[in-house]
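Chemist: Before I ask anything, let me first share the structure, which is written out below as structure tokens.
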């Protein structure tokens with residue numbers, strides 16, 4: 034099959050799976066997950082074929098050396114808006130990690146939703162399963178995990194999600210990218226609110242959809258602007274075209290002194306702020322943890338948030354169109370600032386979280402901040418590299434945390450104490466012995482996140498970002514990101530220590546249990562990438578290791594741009610910083626938390642003082658938005674727009690007009706018609722004095738005999754005839 | 046066959062009346078017979094329209110399938126029918142929605158015969174507006190549509206509702222359906238007055254009511270009339286036309302009849318009201334205002350855009366502020382039709398440019414799309430209202446497990462209304478935004494606020510009805526809700542299919558619209 | 011050929027007889043008969059004028075046929091009214107039917 038055909042077909046299997054499951058197979062759990070996993074597998078195989086074919090093309094990405102195909106989609110006057118698919122080096126590497134993580138998440142979901150377990154005693158659709166009572170051969174009753182009541186639906190939604198992401202990755206233009214982008218928005222809404230009967234999940238779903246939509250409407254404006262300025266939305270025609278970029282950079286947008294290119298890039302970037310949960314639209318992502326854990330992995334690693342960064346990488350040529358390689362342009366500074374601030378801001382919050390998934394959520398925000406910051410300072414390759422490695426290790430961490438929670442739920446069902454939160458890290462401890470596979474893979478993921486030197490992928494990618502910041506002299510960014518990296522290592526070790534090391538702090542943790550192979554296999558596979566993927570992007574001049582392996586990532590992805598980006602010169606200083614913050618943070622985390630006993634407060638609580646609740650409450654951003662945005666908006670909607678404006682002002686005017694008309698009408702009737710016409714003219718003058726007597730007299734003529742009327746008629750006829758004869762003829 | 050070939054448009058136009066007259070002779074107890082006759086006979090115009098679609102040549106300039114008969118020779122009005130791509134798409138929408146609305150009305154138990162007959166008359170009234178090529182005929186059909194709708198709201202509207210009538214003189218409570226039907230009627234009639242005067246002026250001035258001739262002569266008209274300059278007369282006539290159509294669209298601030306009428310109308314009535322009747326106003330802008338008054342439209346494009354933006358933003362806000370499910374959907378129509386007017390305003394500002402064509406494409410497609418999704422939404426509200434006898438959002442909650450199929454359909458249709466890419470609403474909204482942005486950047490940017498709140502009210506509807514903890518009242522005993530039944534699914538299926546098809550591959554429709562817009566306005 | 015005036019005389023006579031019957035007879039049926047006579051007198055006029063005038067113009071004949079139709083309808087309605095009156099009042103004498111008297 035032609036590669037282009039395969040590319041076209043990539044989103045199709047999961048999409049078909051969605052329709053098949055929703056319409057036909059939702060009664061059968063086994064059939065539904067077979068269709069779901071099968072579809073993911075098909076797309077995976079297709080993606081791998083495309084990826085490896087891309088590898089085998091020489092000078093892939095340059096000029097015509099890409100896989101591309103398009104069709105006319107919307108007629109726009111005399112021209113057409115064409116949409117199509119395109120695989121260039123950037124989309125190839127993204128496709129690679131997307132295919133792997135999606136397949137792993139599909140497989141993992143089978144185990145996570147307890148396939149094969151009995152139906153729950155009191156389970157309802159819309160609530161997480163509560164466990165089922167089974168009687169074994171000896172007559173003992175056990176409470177075991179029960180299967181998710183909406184099992185099939187989950188796979189359907191996951192399929193649609195995957196279809197959205199594949200659409201986004203393979204598209205050759207920003208419009209279909211936006212289509213995939215929004216479909217994922219819908220899926221995140223559906224999946225975060227999967228347990229819709231929980232008010233918290235329901236609200237989190239709406240929060241996610243609405244917050245990202247704030248970004249999306251700006252993005253739509255950006256699309257409209259870009260489209261009207263260039264007449265196309267295709268990547269190749271805009272981002273691979275020096276003329277168009279130059280023109281956009283030269284045109285002024287009349288807004289804040291930005292060039293058209295800068296303003297468009299910023300409008301599109303606001304879409305990313307929403308989608309990739311950057312400050313100040315980061316608030317939805319921690320709440321999104323309400324969804325089942327595979328969804329968290331899907332959103333946080335494989336698809337949605339990566340999509341946001343992917344888009345900024347895509348529009349990088351536009352963002353940097355009026356950049357000459359030295360001082361950052363306004364647009365770039367904004368991007369860099371948002372990214373850097375988000376990186377440190379989210380890292381501080383993650384330090385004070387107790388929920389195992391919330392820590393990861395904030396670490397995602399923080400890591401995405403690293404990438405955005407890298408893009409803001411023009412480090413194209415570093416951002417793309419971190420995007421890929423992060424996707425692998427973050428998917429691993431989320432799935433690992435899901436495995437932990439799953440194991441804890443096992444313990445909770447065993448003891449029957451449902452007041453124990455299976456997600457609270459303070460209830461865990463010592464899980465390394467109970468769940469060895471989960472422990473080792475989680476450790477790998479955590480070390481990758483912290484940037485543990487040399488062996489983990491995260492080290493290489495994060496180091497590259499810091500090296501870029503150093504090489505271009507962005508000191509503020511360098512210092513902030515380094516601090517964020519230190520915090521990252523610290524809270525990661527805090528998490529690992531609290532969860533896996535030491536002794537169990539609750540009975541539930543003692544009874545935790547390793548999860549089934551469908552869950553641990555994906556962990557193992559992802560762990561391989563979390564370690565190994567870094568080796569494809571080792572800088573050439575790295576001491577010892579540099580040059581052993583070619584810096585494949587740099588050369589391959591660099592070909593996406595018109596001008597291949599130069600690798601930064603090697604310097605030991607950022608390397609030293611990297612090593613210091615990673616190892617220092619990890620050690621610090623271990624030292625502070627290694628001896629925490631059950632019931633003991635967080636050791637950080639005392640030294641941080643008032644700062645601790647501030648961090649724990651996420652800098653009070655939710656409260657801020659509730660008071661300054663949601664409340665006024667609700668007031669405008671319910672009170673101002675509807676009650677005041679429509680019901681009182683506009684309808685009031687209408688009713689006033691109507692009542693004035695009524696008043697005129699009734700006045701005419703009461704003061705003119707009734708007294709003058711009816712009574713005076715009618716009753717007095719008319720009826721009483723004139724018409725009644727006249728009528729009485731005339732009524733004598735009514736004899737009631739038909740023939741006398743006829744005689745009258747004949748007489749009149751004769752008279753008229755005579756008159757006519759006399760006077761006219 | 047030959048007769049139908051030469052009289053295709055009048056057959057489509059008058060077949061519903063013919064069917065209504067047949068129904069007149071049925072005994073009124075034979076409810077099933079009446080329903081099926083109405084439904085099956087409304088499928089005939091649909092079938093003919095599909096046939097028409099296949100024979101229509103989008104490339105050809107001017108009107109096709111023209112029919113012309115002497116009608117009122119003394120005042121030079123003739124019964125002139127014809128179609129182009131614009132009216133064809135609207136005719137398709139009308140003939141598609143009417144059978145669905147009739148099928149949706151199978152649950153009507155009261156005075157079925159009169160109901161069905163009125164509905165068929167309504168169809169002819171609406172079709173007449175889209176098919177008329179004579180200004181006077183246009184006006185006649187424009188008014189004909191009002192009467193059946195008035196009775197549908199007044200007689201078959203929700204019986205219990207009450208409405209507070211507030212004014213500085215004091216307030217009182219009245220029957221909501223009486224209030225709504227009267228408001229609808231009086232409001233539209235008031236708008237039509239200016240239109241009638243303007244139409245008469247044109248007819249007397251040029252001794253013809255033929256659209257094509259009038260457009261040519263009127264734009265060339267230069268001189269004095271009623272002691273005024275031609276340009277001033279044109280401005281006055283422009284506003285007479287504009288206000289009549291703006292009332293019907295409806296444009297902020299003339300929109301308050303719409304939530305009342307929609308809320309009180311019977312389900313199928315709301316479907317048609319939102320699906321087709323609102324489009325009459327927008328059609329009037331495209332068919333009459335822009336061709337007749339290009340200069341004035343350009344002059345006042347900013348004002349039109351301002352009103353459109355207000356409709357978009359405040360329609361969305363007001364919708365979000367509702368607790369009545371149906372009123373929420375009704376306000377969403379104000380919001381969505383605002384985009385149609387925004388596209389028209391943008392086109393008016395720079396008629397003939399590529400941007401204007403894109404905006405017009407978006408506006409017409411948005412008319413079609415809103416017809417599908419709004420009809421679907423109103424029907425779904427009707428489905429749950431029939432079962433629960435309440436539309437109060439606060440009384441629902443967590444119904445998804447009880448009515449899963451309904452829930453899925455509701456989410457699907459809501460997403461179409463929200464403008465989710467992949468479904469139809471997105472394509473048209475994108476085109477409107479794309480077309481308007483270069484011409485009216487500020488208004489387009491502000492209207493994004495409305496687009497944002499579209500999401501808010503749609504999600505509010507879903508949240509209050511489907512999600513959250515289950516309201517046990519609806520789960521057991523006599524109040525137990527039943528899921529959507531087969532007949533109701535059959536109503537939704539064509540709508541959903543079209544929503545999906547138009548979202549993925551809008552070319553088949555948009556191509557016809559695009560060519561029509563190019564031919565009309567360049 | 012018989013001159014036109016003869017037909018006119020005949021018609022006039024017939025009409026007068028009819029008129030007399032209508033005015034003078036008391037029996038309602040007889041009055042109806044009188045009306046019939048008058049109508050047919052008119053028919054004779056119409057046909058005669060047509061025959062003597064332009065043969066290509068069919069107006070006279072068409073009118074005569076219309077008069078037939080009207081006459082038939084009139085008789086049907088008239089007789090049924092008479093029967094109905096008879097059932098109610100047991101009489102067909104016009105003088106006695108004076109319900110409409112002042």
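Protein chains in written order, with our numbering: chain F, 34 to 762; chain R, 46 to 567; chain Z, 11 to 112.
Positions of the beta carbon are idealized from the N, C-alpha and C atoms, including for glycine.
All figures in this text were calculated on a predicted structure; none of them were measured in a lab.
At a CB-CB cut-off below 8 Å, which residues of chain F make contact with residue 32 of chain Z?
Modeler: As a working mapping, residue 32 of chain Z is identified with position 22 in the third chain. Per Cβ cutoff of 8 Å: 740 and 743.
Chemist: For residue 58 of chain Z, which residues in chain F fall below 8 Å Cβ to Cβ?
Modeler: As a position in the third chain, residue 58 of chain Z is number 48, starting the count at 1. In chain order: nothing, as chain F lies at least about 21 Å away.
Chemist: For residue 177 of chain F, which of F:151, F:264, F:704 and F:197 has the nearest alpha-carbon?
Modeler: For the purposes of this step, residue 177 of chain F is identified with residue 144 of the first chain, where counting begins at 1. Among F:151, F:264, F:704 and F:197, the Cα nearest to that of residue 177 of chain F belongs to F:151.
Chemist: Which one or two residues does DSSP pair with residue 267 of chain F in a beta bridge?
Modeler: Here residue 267 of chain F refers to the residue found at position 234 of the first chain. For residue 267 of chain F, which the question treats as bridged, DSSP gives the partners F:206.
Chemist: Which whole-angstrom value describes the C-beta separation of residue 544 of chain R and residue 507 of chain R, a residue pair presumed to lie in contact below a C-beta threshold of 8 Å?
Modeler: Numbered from 1 along the second chain, position 499 holds the residue referred to as residue 544 of chain R. Numbered from 1 along the second chain, position 462 holds the residue referred to as residue 507 of chain R. Not a contact, Cβ separation roughly 16 Å.
Chemist: Under 8 Å by Cβ, that's how I've got residue 77 of chain F and residue 132 of chain F pegged, so tell me the actual separation to the nearest angstrom.
Modeler: Here residue 77 of chain F is taken as the residue at index 44 of the first chain, counted from 1. Here residue 132 of chain F is taken as the residue at index 99 of the first chain, counted from 1. Their Cβ separation, rounded to whole angstroms, is 5 Å, which keeps residue 77 of chain F and residue 132 of chain F in contact under 8 Å.
Chemist: Rounded to whole angstroms, what's the CA-CA distance from residue 518 of chain F to residue 484 of chain F? Just pull it up for me.
Modeler: Counted from its first residue, the first chain places residue 518 of chain F at position 485. Counted from its first residue, the first chain places residue 484 of chain F at position 451. Between residue 518 of chain F and residue 484 of chain F, the C-alpha separation is close to 8 Å.
Chemist: So what does DSSP say about residue 122 of chain R, is it helix, strand or coil?
Modeler: As a position in the second chain, residue 122 of chain R is number 77, starting the count at 1. DSSP places residue 122 of chain R in strand when its eight states are reduced to three.
Chemist: Who are the neighbours of residue 110 of chain Z on chain F, taking C-beta pairs under 7 Å?
Modeler: Taking the third chain and counting its residues from 1, one reaches residue 110 of chain Z at position 100. Ordered by position in chain F, the residues that pass the 7 Å Cβ test against residue 110 of chain Z are 735 and 737.
Chemist: So residue 24 of chain Z and residue 62 of chain Z are supposed to be a Cβ contact under 8 Å. How far apart are they, rounded?
Modeler: The residue you call residue 24 of chain Z lines up with position 14 of the third chain. The residue you call residue 62 of chain Z lines up with position 52 of the third chain. Residue 24 of chain Z to residue 62 of chain Z, Cβ: 18 Å. No contact.
Chemist: Where does the unbroken beta strand (DSSP E) through residue 117 of chain F begin, and where does it stop?
Modeler: On the first chain, position 84 is the one that residue 117 of chain F refers to. 112-120 is the span of the beta strand (DSSP E), which, as asked, contains residue 117 of chain F.
Chemist: Measure from the alpha carbon of residue 593 of chain F to the alpha carbon of each residue in F:561, F:449 and F:93, then state which is nearest.
Modeler: Here residue 593 of chain F corresponds to residue number 560 of the first chain, with the count starting at 1. Out of F:561, F:449 and F:93, F:93 has the C-alpha closest to the C-alpha of residue 593 of chain F.
Chemist: Only counting the same chain, and skipping five residues up and downstream in sequence, which positions put a Cβ closer than 6 Å to that of residue 296 of chain F?
Modeler: Numbered from its first residue, the first chain carries residue 296 of chain F at position 263. Excluding sequence neighbours, residue 296 of chain F sits near 286 and 288.
Chemist: I'd like to confirm the pairing. Which residues does DSSP put opposite residue 162 of chain R in its beta bridges?
Modeler: Position 117 of the second chain, counting from 1, holds the residue named residue 162 of chain R. BP columns for residue 162 of chain R are empty, so no partner.
Chemist: Please return the same chain residues whose Cβ sits closer than 7 Å to the Cβ of residue 374 of chain F, not counting the five positions on each side in sequence.
Modeler: Position 341 of the first chain, counted from the start, is the residue given in the question as residue 374 of chain F. Cβ neighbours of residue 374 of chain F beyond the five flanking positions: 312.
Chemist: Who does residue 109 of chain R pair with in a DSSP beta bridge?
Modeler: Translated into positions along the second chain, residue 109 of chain R becomes position 64. Answer is R:128, bridged to residue 109 of chain R.
Chemist: Would you kindly work out how many angstroms separate the C-alpha atoms of residue 407 of chain F and residue 648 of chain F, rounded to a whole number?
Modeler: One-based indexing of the first chain puts residue 407 of chain F at position 374. One-based indexing of the first chain puts residue 648 of chain F at position 615. About 25 Å.
Chemist: Distance, Cα to Cα, residue 606 of chain F vs residue 432 of chain F?
Modeler: Looking up residue 606 of chain F in the first chain gives position 573. Looking up residue 432 of chain F in the first chain gives position 399. Each residue's alpha carbon lies about 35 Å from the other.
Chemist: Start and end of the beta strand (DSSP E) containing residue 70 of chain R?
Modeler: The residue given as residue 70 of chain R occupies position 25 in the second chain. Segment: none, residue 70 of chain R is in no beta strand (DSSP E) and carries neither H nor E.
Chemist: Going straight from the alpha carbon of residue 444 of chain F to that of residue 452 of chain F, what length do you get?
Modeler: Within the first chain, numbered from 1, the residue matching residue 444 of chain F stands at position 411. Within the first chain, numbered from 1, the residue matching residue 452 of chain F stands at position 419. Taking the straight line joining both Cα atoms gives about 12 Å.
Chemist: For a contact meaning CB atoms closer than 7 Å, what does residue 261 of chain F contact in chain R?
Modeler: Residue numbering aside, residue 261 of chain F sits at position 228 when the first chain is read from its first letter. By Cβ distance, chain R contributes 400, 479, 482 and 483.
Chemist: Using C-beta distances below 6 Å, list every residue in its chain close to residue 224 of chain R, excluding the 5 sequence neighbours before and after it, in chain order.
Modeler: As a working note, residue 224 of chain R is residue 179 in the second chain. 208.
Chemist: For a contact meaning CB atoms closer than 7 Å, what does residue 467 of chain R contact in chain F?
Modeler: Against the second chain, residue 467 of chain R aligns to sequence position 422. Those are 212 and 216, listed as they occur along chain F.
Chemist: From the DSSP output, in three-state form, read off residue 297 of chain R for me.
Modeler: By one-based count along the second chain, residue 297 of chain R stands at place 252. Three-state result, residue 297 of chain R: coil.
Chemist: Spatial neighbours of residue 553 of chain F within its chain, please: CB distance less than 6 Å, with the 5 preceding and 5 following residues excluded, ordered by chain position.
Modeler: Working through the first chain from its first residue, we reach residue 553 of chain F at position 520. Counting only Cβ-Cβ distances below 6 Å, and skipping sequence neighbours, we find 470.
Chemist: From residue 119 of chain F to residue 310 of chain R, what distance separates their C-alpha atoms?
Modeler: The sequence position of residue 119 of chain F within the first chain is 86, counting from 1. The sequence position of residue 310 of chain R within the second chain is 265, counting from 1. Computed Cα separation, rounded: 50 Å.
Chemist: Counting only the same chain and skipping the five closest in sequence on each side, list residues whose C-beta sits under 6 Å from that of residue 224 of chain F.
Modeler: The residue you call residue 224 of chain F lines up with position 191 of the first chain. Here the set comprises 190, 324 and 328.
Chemist: Can you grab the Cα-Cα spacing for the pair residue 204 of chain F / residue 54 of chain F, in whole Å?
Modeler: In the first chain, residue 204 of chain F corresponds to position 171, counting from 1. In the first chain, residue 54 of chain F corresponds to position 21, counting from 1. Distance between the alpha carbons of residue 204 of chain F and residue 54 of chain F is about 26 Å.
Chemist: Among the candidates F:74, F:179 and F:188, whose CA atom is the shortest distance from the CA of residue 56 of chain F?
Modeler: As a first step, residue 56 of chain F must be located in the first chain, where it is residue number 23. When each option's Cα is compared against that of residue 56 of chain F, the closest is F:188.
Chemist: Assuming residue 356 of chain R contacts residue 300 of chain R (C-beta within less than 8 Å), just tell me the rounded distance between them.
Modeler: Position 311 of the second chain, counted from the first residue, corresponds to residue 356 of chain R. Position 255 of the second chain, counted from the first residue, corresponds to residue 300 of chain R. Yes, they are in contact, since the Cβ atoms of residue 356 of chain R and residue 300 of chain R sit about 7 Å apart, within 8 Å.
Chemist: Please list the partners that residue 104 of chain Z has in chain F, where partner means a Cβ-to-Cβ separation under 7 Å.
Modeler: Here residue 104 of chain Z refers to the residue found at position 94 when the third chain is read from its first residue. What residue 104 of chain Z touches in chain F: 738, 739 and 740.
Chemist: So what does DSSP say about residue 354 of chain F, is it helix, strand or coil?
Modeler: Taking the first chain and counting its residues from 1, one reaches residue 354 of chain F at position 321. Reduced to three states, the DSSP call for residue 354 of chain F is coil.
Chemist: Run down chain F in chain order and give the residues with a C-beta less than 9 Å from the C-beta of residue 122 of chain R.
Modeler: One-based indexing of the second chain puts residue 122 of chain R at position 77. Simply none; closest approach about 32 Å.
Chemist: Which chain R residues sit within Cβ distance under 9 Å of residue 681 of chain F?
Modeler: Taking the first chain and counting its residues from 1, one reaches residue 681 of chain F at position 648. The contacting residues are 211.
Chemist: Is the beta carbon of residue 586 of chain F less than 8 Å from the beta carbon of residue 570 of chain F?
Modeler: In the first chain, counting from the first residue as 1, residue 586 of chain F sits at position 553. In the first chain, counting from the first residue as 1, residue 570 of chain F sits at position 537. Their beta carbons are under 8 Å apart, which means residue 586 of chain F touches residue 570 of chain F by this criterion.
Chemist: Could you give the residue range of the alpha helix (DSSP H) that holds residue 394 of chain R?
Modeler: The sequence position of residue 394 of chain R within the second chain is 349, counting from 1. Here the alpha helix (DSSP H) through residue 394 of chain R covers 370-394.
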